[in-house]
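Colleague: Dumping the structure here so I can ask a few things about it.
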Ligand code: BQF
């Protein structure tokens, strides 16, 4: 078997087109356009690239956005005050603090300072808690985007064995929650693997759906998966490459060629999960503007 490619660029474009239409209708009904406030602390080049992608996506769908750039020497209290100002600003629908933060700042503290009704990343404990209770919530963009891919390609999830490799708060953990919950699109039997998992292959080999978000190139090879597996590779790793203008190329967490041989479906890197993450952020910002998850007063 040679797995079919899951085209995240194409599905993200379709999702953005849907959001664009909804934004147009929202504005035509007399509302101001949705507004996303991005906060960047420091000048990490990767973060700057990701913020650029998000800003372009906003422009594409008719969402207004601004980026507040703060020095990497900022104190926790000053950063908190910056976020609180955006919380109080009625013109701001969604707030995103770009991660990772410089080492002296706690991402937990910053995330908790965001008004959960504006938490379009879905990282606030209120939204994470509601996800785990299967209540309407802002869902973390990467796992939510992966579910859009399952839907688009009619990949069944219910009753299948899903294995998630990586247990981060941003991807692995909410992904496992969504896969295992009963009311949402999940209902899979779900295994979470992480750094301390003994004999990773024992688990990956039995996966019908394998989601890999470990941040380690070539972690998963063909011999570790079964024939027909659906592979979602969330890894984005920079590998030095002189033949590229930028001096590097992007690879996922899977040894692509050998894993594709066994898979029925597989996401490429780049152009797989990444574009879906950004498109889901647009969707969440629209939901925030409309008060769809947390109704607005009056
Ligand atoms: C693609 C991210 C690690 C740490 C912090 C398209 C993105 C990436 C790849 C993107 C990511 C990863 C984002 C592709 C946002 C996803 O074509 O494959 C888009 O912009 N992402 C982020 O904001 O912070 C990160 C990964």
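Numbering (the working numbering), first residue to last: 1 to 298. Just so it is clear, CB atoms sit at the ideal spot from N, CA and C, and this is done for glycine as well. Since we're looking at a predicted model, the values are computed, not measured.
(1) Apart from the five residues on each side of it in sequence, which residues of its chain come closer than 7 Å, Cβ to Cβ, to residue 260?
(2) Measuring CB atoms only, is the segment 151 to 160 touching the segment 187 to 200, in the sense that at least three cross pairs come out at less than 8 Å?
(3) Run through the DSSP bridge pairs and tell me what residue 300 is partnered with.
(4) Counting Cβ pairs, one atom from each stretch, are 3 or more of them under 8 Å apart for the segment 8 to 25 and the segment 240 to 254?
(5) Return helix, strand or coil for residue 218, following the three-state DSSP convention.
(6) Hey, is residue 278 close to the ligand BQF, as in C-beta under 6 Å from one of its heavy atoms?
(7) What span of residues does the beta strand (DSSP E) with residue 233 cover, start to end?
(8) So, at 7 Å on beta carbons, what are the nonlocal neighbours of residue 248 in its own chain, with the 5 sequence-adjacent residues on each side left out?
(9) Is it right to say residue 89 is buried, meaning 16 or more other beta carbons lie within 10 angstroms of its own, or is it exposed?
(10) Looking only at its own chain, which residues have a Cβ that is under 7 Å from the Cβ of residue 285, when we skip the five neighbours before and after it?
(11) Could you tell me which residues DSSP puts in a beta bridge with residue 237?
(12) Please state the DSSP three-state secondary structure of residue 95.
(13) Return yes when at least one heavy atom of the ligand BQF lies under 6 Å from the C-beta of residue 63, else no.
(14) Verify the contact flag: residue 236, CB atom, against every heavy atom of the ligand BQF, threshold strictly below 6 Å.
(15) Could you tell me if residue 174 is buried or exposed, where buried requires 16 or more neighbouring beta carbons within 10 angstroms of its beta carbon?
(16) Which whole-angstrom value is the C-beta distance of residue 282 and residue 8, which I expect to be below 8 Å?
(17) Which partner residues does residue 4 have in the DSSP bridge list?
(18) Roughly how many whole angstroms lie between the Cα atoms of residue 258 and residue 214?
(19) I want to know whether the segment 11 to 20 touches the segment 40 to 51 - three or more CB-CB distances under 8 Å.
(20) Which ranges does the alpha helix (DSSP H) cover as unbroken runs of at least 4 residues, wholly within the segment 151 to 184, from first to last along the chain?
(21) How far does the beta strand (DSSP E) with residue 192 in it extend, from its first residue to its last?
(22) Kindly indicate the opening and closing residues of the alpha helix (DSSP H) around residue 209.
(23) Quick one, which of 217, 218, 216 and 180 has its alpha-carbon nearest residue 209's?
(24) Here's the rule: buried if 16 or more other CB atoms are within 10 angstroms of the residue's CB, otherwise exposed. What is residue 245?
(25) Taking only the alpha-carbon atoms, compute the straight-line gap between residue 236 and residue 269 and give it to the nearest angstrom.
(26) Can you grab the Cα-Cα spacing for the pair residue 80 / residue 288, in whole Å?
(27) Spatial neighbours of residue 72 within its chain, please: CB distance less than 8 Å, with the 5 preceding and 5 following residues excluded, ordered by chain position.
(28) With 16 as the cutoff for other CB atoms within 10 Å, does residue 98 come out buried or exposed?
Modeller: Straight from the coordinates:
(1) 2, 3 and 266
(2) yes
(3) The requested residue 300 is not part of the displayed model; the chain covers only 1 to 298.
(4) no
(5) coil
(6) yes
(7) 230 to 233
(8) 238, 239, 240 and 241
(9) exposed
(10) 34, 36, 63, 93, 94 and 120
(11) 251
(12) strand
(13) no
(14) yes
(15) buried
(16) So it is not a contact: roughly 14 Å between Cβ atoms.
(17) 265
(18) 18 Å
(19) no
(20) 172 to 180
(21) 189 to 193
(22) Counting along the chain, residue 209 falls outside any alpha helix (DSSP H), though it belongs to the beta strand (DSSP E) covering 209 to 212.
(23) 180
(24) exposed
(25) 7 Å
(26) 21 Å
(27) 41, 42, 43 and 102
(28) buried
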